[in-house]
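Here the structure comes first, spelled out in structure tokens, and everything after it is commentary.
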Amino acid sequence: MSDITKFSSKDIKGWLESETSSIFIPVHTKAQKLLNEMKRALENVADVCRMLLENSRKEIEKRNMKTYGRARALNKLARIFLERIQQIKVPDEVFYDSFHDFVQETQKAFIVTEVDVRRWFPRISPFFILDRRKFLAVFEKAKESLKELQSFLKKEYVKTKTLEETFQLIDKLLALEGQLADLEAQRKKTEAERASIEREIAEIQQKITDLKNRESLTQLSQIGVDIEKLRREMKHNLRHIRKPFIKFWRLVFRKGGLTPEELKKLDHYIKDPFDAFVAEEVGYPLLKQILQKLARSMSEGKLKLKHDKKRKAEQAVDNILNNSSLDALHQKCKSAIVRKKQLSTSAKVAEIKGNLLKLQEELEELERRKKLAESEENAIERTFKETLEKIRDQKKEIEKNVFAFTGRKILIE
Numbered sequence: 042m043s044d045i046t047k048f049s050s051k052d053i054k055g056w057l058e059s060e061t062s063s064i065f066i067p068v069h070t071k072a073q074k075l076l077n078e079m080k081r082a083l084e085n086v087a088d089v090c091r092m093l094l095e096n097s098r099k100e101i102e103k104r105n106m107k108t109y110g111r112a113r114a115l116n117k118l119a120r121i122f123l124e125r126i127q128q129i130k131v132p133d134e135v136f137y138d139s140f141h142d143f144v145q146e147t148q149k150a151f152i153v154t155e156v157d158v159r160r161w162f163p164r165i166s167p168f169f170i171l172d173r174r175k176f177l178a179v180f181e182k183a184k185e186s187l188k189e190l191q192s193f194l195k196k197e198y199v200k201t202k203t204l205e206e207t208f209q210l211i212d213k214l215l216a217l218e219g220q221l222a223d224l225e226a227q228r229k230k231t232e233a234e235r236a237s238i239e240r241e242i243a244e245i246q247q248k249i250t251d252l253k254n255r256e257s258l259t260q261l262s263q264i265g266v267d268i269e270k271l272r273r274e275m276k277h278n279l280r281h282i283r284k285p286f287i288k289f290w291r292l293v294f295r296k297g298g299l300t301p302e303e304l305k306k307l308d309h310y311i312k313d314p315f316d317a318f319v320a321e322e323v324g325y326p327l328l329k330q331i332l333q334k335l336a337r338s339m340s341e342g343k344l345k346l347k348h349d350k351k352r353k354a355e356q357a358v359d360n361i362l363n364n365s366s367l368d369a370l371h372q373k374c375k376s377a378i379v380r381k382k383q384l385s386t387s388a389k390v391a392e393i394k395g396n397l398l399k400l401q402e403e404l405e406e407l408e409r410r411k412k413l414a415e416s417e418e419n420a421i422e423r424t425f426k427e428t429l430e431k432i433r434d435q436k437k438e439i440e441k442n443v444f445a446f447t448g449r450k451i452l453i454e
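Heads up, the sequence shown is in our numbering, so the first residue is 42 and it goes up one at a time.
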């Protein structure tokens with residue numbers, strides 16, 4: 042097994058040029074020479090087309106009936122020829138692909154022109170004989186130059202096609218490695234930006250935690266917890282009369298029996314027992330009035346309730362009306378709401394809440410920036426991996442081409 046020679050991507054081109062210069066340079070030089078000759082041939086064809094244009098124009102101006110029609114035909118034909126020749130793009134630099142495309146483009150233009158010559162020159166005859174002969178002579182020389190290009194392309198230039206493509210691959214490889222270096226720099230920059238934003242987020246979150254742990258807010262938070270407990274306790278105390286309340290509301294809504302104020306309060310107790318209870322005056326008179334009328338309706342059999350549910354509802358109503366079972370709870374609820382209002386409206390709490398709001402806004406903005414940074418980081422990472430894969434493919438292709446052309450095994454590091 043032959044040794045594998047290792048090269049960096051920067052050194053491979055110089056080595057390959059030195060290894061293949063005896064083959065590549067003469068071919069490339071000849072390609073440039075033939076291209077220049079073909080360019081001059083096309084310029085000559087363009088010049089002779091202008092000569093046809095000028096001479097036919099002069100003949101048209103004479104208004105000679107014998108030559109007028111043919112002069113116009115020749116003028117139109119010469120204009121078409123000139124435009125066709127001028128549309129052929131001569132490559133600025135010689136590469137196999139550009140050379141091949143130029144030959145193909147010129148060949149197509151010449152084939153169409155030759156068809157036009159065979160079709161139209163006989164119709165112009167016998168006039169403009171010298172002009173037509175001059176055009177044909179120049180055109181034939183251009184065709185000969187084209188044949189030489191075609192022959193060179195098939196027999197000689199094609200042999201160095203792989204080598205030329207390899208040089209182009211090396212240039213692309215170097216460009217890709219430059220892009221990879223730029224992407225690496227961008228990746229580090231976005232990583233640093235994201236890390237900086239995350240540090241800022243952590244700092245803001247710590248400030249928010251510190252503010253929430255302030256005594257005033259802690260007390261306010263505890264009051265909130267206490268109110269939730271009282272809310273559940275109130276719901277528990279009215280659990281046996283909730284369904285009777287609903288049936289009673291439907292009954293009195295249709296047939297009456299409660300004042301508008303009582304009916305509104307009953308609806309409030311059904312929807313939110315705690316809020317309705319806290320809104321009551323001391324002794325919760327409206328609830329008691331409603332319960333008295335509810336008890337009367339149950340005793341008169343106006344509400345359809347199962348025996349067990351009716352028994353539990355009557356016992357709950359009796360405890361509230363006769364045993365004052367909700368007095369202590371009402372006082373606790375009232376005190377909790379007053380305490381919450383006092384704390385919520387204090388200057389300290391207002392200041393803390395204001396600071397918390399500002400910090401929360403800053404936190405949301407930082408979170409938004411973090412998402413953008415992460416999105417940009419992910420996009421760069423994808424492009425980085427794709428570029429890295431392209432570089433691997435380019436290296437493999439170059440190594441394969443070098444082996445095919447020189448028989449040498451190389452490895453590009």
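Idealized CB from N, CA, C, for every residue including glycine.
Asked	Found
Any chance you could list the alpha helix (DSSP H) runs of at least 4 consecutive residues sitting entirely within the segment 142 to 193, in chain order?	none
Is I451 helix, strand or coil when you go by DSSP?	strand
Taking just the CA atoms, how far does L400 sit from T250?	11 Å
Taking DSSP's pairing of strands, which residues face K373 in a bridge?	DSSP lists no partner for K373.
When you compare only the Cα positions, how much space is there between Q191 and R174?	25 Å
Using a threshold of 9 Å, state whether the C-beta atoms of D212 and K54 are closer than that.	yes
How is the beta strand (DSSP E) around F136 delimited, first residue to last?	Neither: F136 is in no beta strand (DSSP E) and is coded neither H nor E.
Grab me the residues of L362's own chain with a C-beta within less than 8 Å of its C-beta, minus the 5 sequence neighbours each way, in chain order.	K329, L332, Q333 and A336
Are the CB atoms of I170 and T147 nearer to each other than 9 Å?	no
Would you tell me roughly how many angstroms separate the C-alpha atoms of M42 and V68, rounded to the nearest one?	Any reading at M42 must be qualified, since the residue scores a pLDDT of 42, below 50, and its modelled position is unreliable; the value itself is stated next. M42 and V68: Cα-Cα distance of roughly 32 Å.
With three or more C-beta pairs closer than 8 Å as the rule, is the segment 133 to 150 touching the segment 100 to 116?	no
Cα-Cα, which of K353, L344 and L407 is closest to V293?	L344
Candidates L407, A72 and F176: which alpha carbon is nearest L246's?	Residue identity check: residue 246 is Gln in the sequence provided, not Leu. Of the candidates L407, A72 and F176, the one whose C-alpha sits nearest the C-alpha of Q246 is L407.
Once the 5 residues before and after I282 are set aside, which same chain residues still bring their CB inside 8 Å of it?	L332, L335, A354, A357 and V358
Alpha carbons only, please: which of T203, S186, E241 and K288 is nearest the one belonging to E339?	The amino acid at residue 339 is misidentified as Glu; the sequence shows Met. The candidate whose alpha carbon is nearest that of M339 is K288.
Are the segment 183 to 201 and the segment 105 to 115 touching by the rule of at least three beta carbon pairs closer than 8 Å?	no
Can you tell me whether N116 is buried or exposed? The criterion is at least 16 other CB atoms within 10 Å of its CB, across all chains shown.	buried
If you reduce the DSSP assignment to three classes, tell me which class K382 lands in.	helix
Over what stretch of residues does the alpha helix (DSSP H) that includes T70 continue unbroken?	I53 to K103
Using a Cβ-Cβ cutoff of less than 7 Å, which residues in the same chain neighbour F176 once the five nearest sequence positions on both sides are dropped?	V89 and L93
Does the beta-carbon of F315 have 16 or more other beta-carbons within 10 angstroms, so that it is buried, or is it exposed?	buried
How big is the Cα-Cα spacing for K44 and A183?	Before going on, a small fix: residue 44 reads as Asp here, not Lys. Near 50 Å, if we compare the C-alpha coordinates of A183 and D44.
Helix, strand or coil for K461 per DSSP?	Nothing in the structure corresponds to residue 461, since the chain is present only between 42 and 454.
Over the uninterrupted alpha helix (DSSP H) stretch that includes K350, give me the two end residues.	H348 to N363
Does the beta-carbon of A445 have 16 or more other beta-carbons within 10 angstroms, so that it is buried, or is it exposed?	exposed
The beta strand (DSSP E) that contains Q46, what's its start and end?	Reading off the sequence, residue 46 comes out as Thr, not Gln. Residues T46 to F48.
Expressed to the nearest angstrom, what Euclidean distance is found between the alpha-carbon atoms of M79 and V158?	20 Å
For the 8 Å Cβ check, are there 3 or more pairs between the segment 307 to 326 and the segment 269 to 277?	yes
Taking all protein chains shown into account, do 16 or more other C-beta atoms lie within 10 angstroms of the C-beta of A226, making it buried, or fewer, making it exposed?	exposed
Looking at the structure shown, is M42 part of a helix, part of a strand, or coil, going by DSSP?	Residue placement at M42 is flagged as unreliable, the pLDDT there being 42, under the threshold of 50; a coordinate-derived value is accordingly withheld.
Roughly how many angstroms lie between the CA atoms of I439 and K229, to the nearest whole one?	30 Å
Near I421, which residues of its chain fall below 7 Å by C-beta distance, leaving aside the five closest residues on each side in sequence?	L224, Q227, R228 and T231
Using 10 angstroms around the beta-carbon of E321, count the other beta-carbons present and answer buried if the total reaches 16, otherwise exposed.	buried
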